[in-house]
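Asks: Residue numbers (my numbering): 15 to 184.
All residues carry an ideal CB built from backbone N, CA and C; glycine is no exception.
Please see the structure below; I have some questions.
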């Protein structure tokens, strides 16, 4: 049986991950509306990843005999005004999620819940990758975004991203 605080934080994270999927779908929609289909694709794939992260945590809770509590998912509250803003908000959001994962890890550590810590190790590594990807997109846009030809090339690069399911074994 898992510690109550850890279960509460994991349940909250399920909902935060679903919110992340909504946020990235909102980013994707904005990009498609602006004619940046590659950016739209990149964020649509990102939304799929976030949904899968939620499902992994949900399955972990169920595998440990814990009740999953789903809450309403808020509408994304980020005001999007440009492609650069999308990328910057994406980086900020990934940094926020990293903090959430660290909070759960800390709670598990404090009660010597090694099983949950081992489960969260994948998410810690994943967040490092997520932040690096988001940071690289911001940097690329800052370097090339104002040049139409470079923006076209970056959009094509992002359009090539394909979804691959997480490889975490529960």
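Does the Cβ of residue 142 have 16 or more other Cβ atoms within 10 Å, making it buried, or fewer, making it exposed?
Replies: Looking up residue 142 in the chain shown gives position 128. Its Cβ having fewer than 16 others within 10 Å, residue 142 is exposed.
Asks: Relative to the C-alpha of residue 148, which candidate in 178, 110 and 44 has its C-alpha closest?
Replies: By 1-based counting over the chain shown, the position of residue 148 is 134. Closest by alpha carbon: 110.
Asks: With 16 as the cutoff for other CB atoms within 10 Å, does residue 63 come out buried or exposed?
Replies: Residue numbering aside, residue 63 sits at position 49 when the chain shown is read from its first letter. By the 10 Å Cβ count, residue 63 comes out buried.
Asks: Quick check on the burial criterion: 16 or more other C-beta atoms within 10 angstroms. Buried or exposed for residue 30?
Replies: Indexing the chain shown from 1 puts residue 30 at position 16. It is buried - the Cβ of residue 30 has at least 16 other Cβ atoms within 10 Å.
Asks: Tell me the DSSP secondary structure of residue 111 in three-state form.
Replies: Taking the chain shown and counting its residues from 1, the one referred to as residue 111 is at position 97. Reduced to three states, the DSSP call for residue 111 is helix.
Asks: Go to residue 20, then tell me how far its alpha helix (DSSP H) extends in each direction, as first and last residue.
Replies: As a first step, residue 20 is located in the chain shown; it is residue number 6 there, counting from the start. Taken as a continuous stretch (DSSP letters only), the alpha helix (DSSP H) holding residue 20 covers 18 to 47.
Asks: Comparing C-alpha positions only, which one of 65, 21 and 173 sits nearest to residue 87?
Replies: Taking the chain shown and counting its residues from 1, the one referred to as residue 87 is at position 73. Looking at the Cα atoms, 65 is the closest of the given residues.
Asks: Within the continuous alpha helix (DSSP H) that includes residue 87, where are the two ends?
Replies: Your numbering for residue 87 matches position 73 in the chain shown. No alpha helix (DSSP H) contains residue 87, which DSSP labels as neither H nor E.
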